[in-house]
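The opening position of the sequence shown corresponds to residue 6 in my numbering, with each subsequent residue numbered one higher.
Structure, as structure tokens:
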Amino acid sequence: MGKRRWSRDLIDSSSLRPLFRKNPLSIMALARSVYNLLFRRTSTFAITIMVGAVVFERVFDQAGEAVFDNINKGKLWKHIKHNYEQKDEE
């Protein structure tokens, strides 16, 4: 048998559809809901900004720590302290 050639009829077109179709009405409804819930009043806008800043800080810090630990794997004390600890034998 020869090589199998891919053609349009071999590919299921339903698998190529995006999971979420971008319907302008649904996007506008979502944007309107977010605006009415979080940004319409000054107090909720300020709280949203503060909570967003705290969440961003935590995520950024965790990502930075993960990158630093990955780059310095095997060089940090938490990775090599088992080589220098003495077990208490009683």
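Beta carbons are placed, not taken as given, at the ideal position from N, Cα and C, and that holds for glycine.
Asked: Alpha-carbon spacing of residue 61 relative to residue 29, whole angstroms; Found: 29 Å
Asked: Residue range of the unbroken alpha helix (DSSP H) whose run includes residue 69; Found: 47-76
Asked: Helix, strand or coil at residue 41 according to DSSP, with G and I counted as helix; Found: helix
Asked: Spatial neighbours of residue 70 in its chain, beta-carbon cut-off 6 Å, leaving aside the 5 residues before and after; Found: none
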